[in-house]
Each structure stands twice: as C-alpha cells, then as structure tokens.
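Novice: Chains as they are written, first to last, in this note's numbering: chain A, 2 to 320; chain B, 2 to 320. Got a structure for you, written out below as structure tokens; questions coming shortly.
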DNA sequence: ATTGCGGATGATATCGATAACAAATGGAAG
DNA sequence: CTTCCATTTGTTATCGATATCATCCGCAAT
C-alpha cells in the first residue's frame, strides 16, 4: 500500500480510503487509485486489516466428521448445508473456516467472529463447550427446551405430523415409527407424529433402530412380524430405512402400498426412482445453510436473533 | 501478551518465546509462563502473528458446489475428502478455508498459503485461473498430459482395467461402458477398460450417458436393446447407473449376473445391500484427502512434489 | 584483575492496514 | 477583507506479535 501511495503520489491513508470506497476521497482520485491498484496487482493484506480492525471476518463451521458416530458423513446433506452457508457468508465478505470437532481447539477457531455447529447430533456437551468461547454461535438441529443458544433446523414436529395426517387420510390405524429417538431431531419427529395421531385416537408403535441403513430397516420389519404386532403403516426416519422396510415387507408377502403404507425422510435422489417410488419428507438444506449464515452475521452485528424452524414438505409418491 | 508480561514481571518477548516453546528461555520460567497464560485464559492473536510472520497458516479448499453442473453435491464423497484434508491440515497447525468457485476471488483466498481444488470436473479453465495466483496448488482429479500442476486422484485407468480383467475372467466377450468420457476421470476409466480388454482381443461398446442417475442407467439398457446390440457385461461409471442398468435388464427379461455381469463405481453404502448386492470399484477418499493435504503442506515447505495416483479396489459381490 | 564466553532476558523496529485528529484548499457569507 | 465551513488530503499512533540486535550476569581462563 505504501508502494501504491508512492507511485500515485498520495499518502497511504488515501489509498486505504479509496480502496474501501470511502466517500471521504474525491470520486475521480478514488477511481484513479482503484484502477492503479488493479493494474499493479495490489492485494490487500488480510492479516493486517484484521489486526487493526480486531475482527477476523471469519466464521468457523464445526462439522462432526466421524463416519462412525452418526450418519453425518454418509449422506450429502451436510455438504449442501455447507454450500448454503458458504454462499451467504462470502456474499457478505466473510470466510468459512472449516473444522472438525477435534481441530476446534486450534487458535484459528478462537479467532473467528462467529461459530456454526453442524451435525453435533445428540451431544449437548459439544454445544456447551463451544458456548464457553463466548462467540456468536448458531447451531443446526432441534431446539431443546432450556437452551439459550440460537438454533436453526427444519421443523421435525411438522415432519412427524404431516406423515401422521397422511396416514390418517389413507385410513391407517396401526402405524409404526422406526428410528432412534435419542437424536433430538428424531425425538421431535416422533412427538409430532404421536401428537397428530392422538388427535384421531390413534397410538403408534415405536420401534427403535440406531442405524440408518437398509439392513436396519429390514430388520425392523422382521422383528415386528416375529412379535406378531399388527401394523399397516411405517414412518421411517430415513429413506434407506424405508427402502429396507419395503424390501422386507415384500419378502414377507405384504404389499406396499396395498397392505402397508411407507414414508421415508430426506427425500434423497434415489427415493424418486426407487421401486416403488418412495414417499418422503423433504427438508430444504440449502435454505437452512443460508439461514444459519444470516443468523450468525446478525449476531456478529450485535442484533438480537431468535431460533427458527424451517417448514418441511411431504412428497407423496406411491408408497 | 503485554498484560501477561506485566503480571509475570518479564518482557513481552519472553512471553512470546515461552509460549512457542523456544529453548532460549529457561525451562522453569518457560513452564511458569505457560501455566500463567493458561490460567489467565490468554489467546494468541492469530492476525498479529500472521502479519508478522507473513504467512496465514491457511489452505483454501475450492469446491464445486453447483448441484446442477456435476454430481458433486449429490454424493457424500467430497465431504469425506474434506474430512481427510481437514484432519491432516489441522494436525499441522493449518486451517481450512472453504470456498466455492464464486467466492474464490475474495481477499481471504489470495491470502492463503496454499490451494486445494476439488470437483472442478472437466473445466481446466478453473485450474488455470487459480494457477495465476502463484500459490502452491494441488488438484484432485485425473492428471492430464501437459499440465504442470500437481494432481492427486485415484487410479481411474486401473479402475477400468480391473473391471476388464474381471469380465474376461468371467468369459464375457461383449462388454459395454456406460458414462460420460468428457470427464477426465471417466475418460481414464474408459481407456483402462479398453486397453485391458484389447489384450484379450475384446472391443467394448461405449454408450454415453451424461447423468449419474438410476433413470439414466435404465435408459442406456433400453437403448442398447432397441438397437439390437449384443452385450453380456456392463461397466457403469457410478453405482446408481449400475443399479438402473440392473433394473432395466430385469425388466427386459435378462438375468444379472446370469445373462449380464454388471459393475458399478464408488461402492456407495447402498451397493452392498442392493438386490442383488452390487459389485463395484472402491476408491479411498479419506486417504485421498490426507494425501492432498500432505502435498500442499510439502509445497508450502518448498519441497518438490509429484502427482500421485491412489490404487482402487474391485469389490466383487454378486453382479 | 581482566578478558572471554555462554545462557538468559530485554529494547526496539517491524509486519500492513486503519482510526483519530490535523491541516490545507476553495468558496460563500458577513 | 476577514471569517467560517465543507471538502479533501495528510500525520501520527495503534492493533499484537516476533526478528534482530543489544545487554546483563556469572564463571572460568589468562
């Protein structure tokens, strides 16, 4: 910048002002200096600016990356979420610092202006740990009762209730819920499901499955049949579970959707082309990312920010 | 740091040295100062250090995020790659700056110490554009003939040839290749496939499909049948294509693997539990990420670095 | 007693940008 | 002709860390 100043015959500060579009400098000189900077290939030194401004213009995104823990790494949605976040943040001049939980103690994370937590699953401990940093923080997931932090997530209660209504409309009276309600998100789906069914005097059966795999969905159906539990509808917490359920039901001689209705969750691309095409609940991940980013930015700007839930949509296909 | 110095009764520089484990300060004082820093909750100011050291300790990862362009956003592999990268970089005190191609003009990217390009697909223009920044750069993909930059990728030629050998061993003489050879990666798979087959006097048929969907795989089979082309083996460039092919073949009354052998690519989780369990070529994404990271770090450390291909593995299941 | 040396610590300048305050210029108002 | 204000530009200090070059101390060798 000093070099630029010398070449242009002005002082450093004028360069600084010109390049940041300050109205303090004459329009003509401003444009002249900007053109000059362009021509000489001048690059702003981000560290220097950040040091002076005492901000890093960076938001750390902490992702659960252990494939073993949850299903997080195994489907593409976190990446779409990241896409939404990244787009919104860079549009506002902020950078995305990506970290895993392990790496999150690094100095760079503490230097961030804000924090976004993704896929921390059921572990509230992680949330609290990062809360201690005292940074603006937004979490993706299901809002808990007593938590003070800002949460953005899709409306899992609604996800449960639309499926319930769907089943009721189809005349189903013995629905089953397949999933692991230890995840707050899935707990909410279950609750929405149960409550909406209760309004029609129907009480569903819960069958816990920890894994989100096809095999696990098959297994759930076998186990139900073995226990001679009557059921005519299955709400599975992932499309893979649902597809497993359908496959098992076919093996057991029960038709889908003739004998049993099945609905999955996430509406992954495969769902539309599965056989038969799977009905599923769709969440808008991209929008979720955008919203997460907007909330942190607002918090960084000292605005008051509230948690928010995004509506979901039931895609009715043939199951 | 100045505060720390005052409290400890030493000078700033001693604090600095103590906290960076410099042997210049007495062991006892060093430990005392480190404990003190810990107790007072001192946080290093990264911007200041970066400014002074003229390094950012940051590697920018540029990901193609447009779901429309390629399939990148639609499967989880880029995320696993990111996981490997992130782990390796943070282990060496570097941070991961995540950007899309659009956001890559931001100042923060130019401030990075190195660059990793992911999923830029067939567009070499992007590579060249970032090359101009003059930063250490490593690209994920297939090494081209005349390119000067460092490329890490899995061995797509080998991917093609192992499948060819597999088909030959099964006695297949009329194999088909399904995919879009405009992608350099897929072009290599095709070449490996063709060359390995040629060694046995077999010439495969190429059927171009741009999409990586189930529907596209089905369509390919219908089109082949319509054109009355004889074939007894299908090598599809993705598991979804392969699964579509299998479904279409079943509809057409041709058994898999009885009449036609089918092999997919990527070995996604679904492949193992598909019906019938799908044979597929597996790439080690995590390892790829680690390697990408190691290469940039080496380049940043002014070491000479070469491109590298990772071996792939054919998982033989029932198709 | 003086010199030399190694180990430990400190003073100062510096990285590149911007905020706060100062100053120069030109024109309008009295 | 002076005063005042607005517009535009410049001077200096500062953000928090570290490299470079002193300095200080104690002890051994001359």
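Yeah, the Cβ is synthetic: ideal placement off N, Cα and C, and Gly gets one too. Since this is a predicted model, take the numbers as computed values, not measurements.
Cβ atoms of residue 119/A and residue 61/A: under 7 Å apart, would you say?
Specialist: No, the pair does not count as a contact, with Cβ atoms beyond the cut-off.
Novice: Kindly indicate the opening and closing residues of the alpha helix (DSSP H) around residue 15/B.
Specialist: It spans 13 to 20 - the alpha helix (DSSP H) in which residue 15/B sits, taken as one unbroken run.
Novice: So that I know if they touch, is there some Cβ in chain B lying closer than 7 Å to that of residue 354/A?
Specialist: Beyond the ends of chain A as shown, which are 2 and 320, falls residue 354/A; an answer cannot be given.
Novice: Hey, out of 204/B, 157/B, 77/B and 273/B, whose CA is closest to residue 169/B's CA?
Specialist: Nearest C-alpha to residue 169/B: 204/B.
Novice: Could you check what DSSP says for residue 213/A in three-state terms: helix, strand or coil?
Specialist: If DSSP states are grouped into helix, strand and coil, residue 213/A belongs with coil.
Novice: Of all the options 103/B, 26/B and 274/B, which has the alpha carbon lying nearest to the alpha carbon of residue 130/B?
Specialist: Of the candidates 103/B, 26/B and 274/B, the one whose C-alpha sits nearest the C-alpha of residue 130/B is 103/B.
Novice: Could you have a look at residue 318/A and say whether DSSP puts it in helix, strand or coil?
Specialist: In the structure shown, residue 318/A sits in coil (DSSP, three-state: anything other than H, G, I, E or B).
Novice: What residues in the region 27 to 48 of chain B bring their beta carbon closer than 8 Å to a beta carbon of chain A?
Specialist: 44, 45, 46, 47 and 48
Novice: Indicate whether the contact test is met: 3 or more Cβ pairs, each with one atom in the region 33 to 51 of chain B and one in the region 307 to 314 of chain A, closer than 8 Å.
Specialist: no
Novice: For a contact defined as C-beta to C-beta under 8 Å, what are the partners of residue 91/B on chain A?
Specialist: 100, 101, 103, 104 and 107
Novice: Between which residues of its own chain and residue 225/B is the CB-CB distance below 7 Å, once the five residues before and five after are set aside?
Specialist: Counting only Cβ-Cβ distances below 7 Å, and skipping sequence neighbours, we find 177, 208 and 232.
Novice: Give the single residue among 157/A, 182/A, 189/A and 194/A whose Cα lies nearest to the Cα of residue 167/A.
Specialist: 194/A
Novice: Residue 279/A to residue 107/A, Cα distance in whole Å?
Specialist: 44 Å
Novice: For the region 172 to 190 of chain A against the region 132 to 147 of chain A, are there 3 or more C-beta pairs whose distance is under 8 Å?
Specialist: Verdict: yes, contact present.
Novice: Report the neighbours of residue 181/A on chain B: residues whose CB is nearer than 8 Å to its CB, in chain order.
Specialist: Correct list: empty, because the minimum Cβ distance to chain B is about 17 Å.
Novice: Apply the 10 Å Cβ neighbour rule to residue 51/A and answer buried if 16 or more other Cβ atoms are within range, or exposed otherwise.
Specialist: buried
Novice: Quick one, which residues of the region 246 to 265 of chain A are near chain B if we go by CB-CB under 9 Å, in chain order?
Specialist: 248
Novice: With a threshold of 7 Å on Cβ separation, who are the neighbours of residue 255/A within its own chain once the five nearest residues in sequence on each side are excluded?
Specialist: Cβ contact annotation for residue 255/A (same chain, cutoff 7 Å, sequence separation greater than five): 261, in chain order.
Novice: How far does the beta strand (DSSP E) with residue 237/A in it extend, from its first residue to its last?
Specialist: Element bounds for residue 237/A: 234 to 237.
Novice: May I ask which residues mark the beginning and end of the alpha helix (DSSP H) holding residue 174/A?
Specialist: Here residue 174/A belongs to no alpha helix (DSSP H), and DSSP marks it neither H nor E.
Novice: Kindly identify the DSSP beta-bridge partner or partners of residue 347/A.
Specialist: As shown, chain A starts at 2 and ends at 320. That puts residue 347/A outside it, with no answer to give.
Novice: Is the region 293 to 310 of chain A in contact with the region 266 to 282 of chain A, if contact means three or more CB pairs nearer than 8 Å?
Specialist: no
Novice: With H, G and I counted as helix, E and B as strand and the rest as coil, what does DSSP make of residue 266/B?
Specialist: strand
Novice: In chain order, which alpha helix (DSSP H) runs of at least 4 residues are fully inside the region 102 to 130 of chain B?
Specialist: 108 to 111
Novice: When DSSP builds the beta bridges, which residues end up paired with residue 244/A?
Specialist: Partner residues in a beta bridge of residue 244/A, as assigned by DSSP, do not exist.
Novice: Would you mind reading off the limits of the beta strand (DSSP E) that contains residue 138/B?
Specialist: 138 to 141
Novice: Can you find the residues in the same chain that come closer than 6 Å, C-beta to C-beta, to residue 238/B, ignoring five residues on each side of it along the sequence?
Specialist: 180, 187 and 266
Novice: For residue 283/A and residue 276/B, which I take to be in contact (beta-carbon distance under 8 Å), what is that distance rounded to the nearest angstrom?
Specialist: With 8 Å as the limit, residue 283/A and residue 276/B do not qualify as a contact, their Cβ atoms being about 25 Å apart.
Novice: To which residues of the same chain is residue 156/B closer than 7 Å at the C-beta, ignoring the five residues directly before and after it?
Specialist: 310, 311, 312 and 313
Novice: Could one say the Cβ of residue 279/A lies closer than 7 Å to chain B's Cβ atoms, at least one of them?
Specialist: no
Novice: In whole angstroms, what separates the C-alpha of residue 80/B from that of residue 78/A?
Specialist: 10 Å
Novice: Residue 70/A by DSSP, collapsed to three states: which one?
Specialist: Low per-residue confidence applies at residue 70/A: pLDDT is 48, beneath 50, and the placement is therefore not dependable, though the value from the model is reported in the following sentence. Coil, per DSSP.
Novice: Grouping DSSP H, G and I as helix and E and B as strand, with all else coil, what is residue 161/B?
Specialist: In this structure, residue 161/B counts as helix in the three-state DSSP scheme.
Novice: Please identify the residue among 150/A, 252/A, 94/A and 251/A whose C-alpha is closest to the C-alpha of residue 300/A.
Specialist: 150/A
Novice: Which one of 105/B, 117/B and 57/B has the shortest CA to CA distance from residue 82/B?
Specialist: 117/B
Novice: Would DSSP call residue 48/B helix, strand or coil?
Specialist: helix
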